[in-house]
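Below, the structure written as structure tokens:
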């Protein structure tokens with residue numbers, strides 16, 4: 011049922027007033043772990059494209075409460091991904107970008123603690139692209155709401171300290187030129203092993219061909 015919710019979604023014109031009930035199915039679909047990730051991503055994309063309409067609605071506070079509950083749940087449950095082209099990665103990144111776009115007003119204030127707890131967790135687990143968004147969220151929320159100093163901030167500072175402490179051990183891997191990785195299929199990649207050696211975006215080229223008869227490539231982040 012959920013996978014069919016976006017069929018016939020209206021085209022929204024500039025200045026048109028659209029009830030938030032139009033977008034509630036999008037939140038339901040994003041939350042539905044039984045739906046393929048591609049459709050959940052499509053729902054998030056449509057929500058992002060109409061974000062200003064959502065924010066300007068009188069029903070926005072209730073919608074925000076539902077959306078934040080779902081976004082935080084999905085970002086907890088969907089495992090971090092390290093291939094840029096994977097739909098799961100694109101969904102995670104887009105949800106983080108939507109959180110970053112949420113106006114920092116009284117409506118967001120009740121959610122700040124949970125958002126920050128998630129962001130501090132993700133910066134130690136997620137890929138570089140997503141971590142950069144997490145850091146922007148952390149900076150913005152601390153600037154606007156000035157939350158109390160807590161254990162999560164201490165852990166974050168220790169994490170940053172450890173990164174700089176280990177930096178001299180990885181300089182060669184960071185700055186030496188990297189060749190493409192060539193495999194028959196992306197499924198052959200031993201991600202856990204590879205990520206310990208990679209410090210920059212690296213292209214993975216497979217033996218598979220696209221419709222232009224060119225090798226299908228992926229970007230490891």
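Numbering (the numbering used here), first residue to last: 11 to 231.
Each residue gets a CB set at the ideal place from its N, CA and C atoms; glycine is no exception.
Taken through DSSP and simplified to helix, strand or coil, residue 187 comes out as coil. Counted as a single uninterrupted DSSP element, the alpha helix (DSSP H) harbouring residue 140 occupies residues 138 to 155.
Between the beta-carbon of residue 108 and that of residue 57 there is about 7 Å, and that keeps the pair under the 8 Å contact cut. Rounded to the nearest whole angstrom, the C-alpha separation of residue 223 and residue 99 is 26 Å.
Judged by DSSP secondary structure, residue 73 falls within the alpha helix (DSSP H) whose first and last residues are 70 to 87. As the crow flies, the alpha-carbon of residue 76 is around 16 Å from that of residue 106.
In the three-state reduction of the DSSP assignment, residue 228 falls in the strand class, which pools E and B. Between residue 210 and residue 227, the CB-CB gap reaches or exceeds 8 Å. Straight across, the Cα-Cα distance linking residue 89 with residue 136 is about 9 Å. In the three-state reduction of the DSSP assignment, residue 64 falls in the helix class, which pools H, G and I.
Here residue 171 has no same chain residue with a Cβ atom under 6 Å from its own Cβ, once five neighbours each way along the sequence are excluded. In the displayed model, residue 217 falls within a strand according to three-state DSSP.
When C-alpha distances from residue 86 are compared across 50, 128, 122 and 119, the shortest belongs to 128.
In the three-state reduction of the DSSP assignment, residue 194 falls in the coil class, being assigned neither a helical nor a strand state. The residues 98, 99, 102 and 137, in chain order, have a CB closer than 8 Å to that of residue 91 in the same chain once the five nearest residues on each side in sequence are set aside. Segment contact: the region 48 to 67 against the region 29 to 38, three or more CB-CB distances shorter than 8 Å; contact assigned.
Distance from the CA atom of residue 47 to the CA atom of residue 53, rounded to whole angstroms, is 10 Å. In the displayed model, residue 108 falls within a helix according to three-state DSSP. Per DSSP, the unbroken alpha helix (DSSP H) holding residue 48 starts and ends at 47 to 59.
Only residues of its own chain outside the window of five on either side were considered, and among them 65 have a CB closer than 8 Å to the CB of residue 113, listed in chain order.
Distance from the CA of residue 190 to the CA of residue 217, rounded to the nearest whole angstrom, comes to 13 Å.
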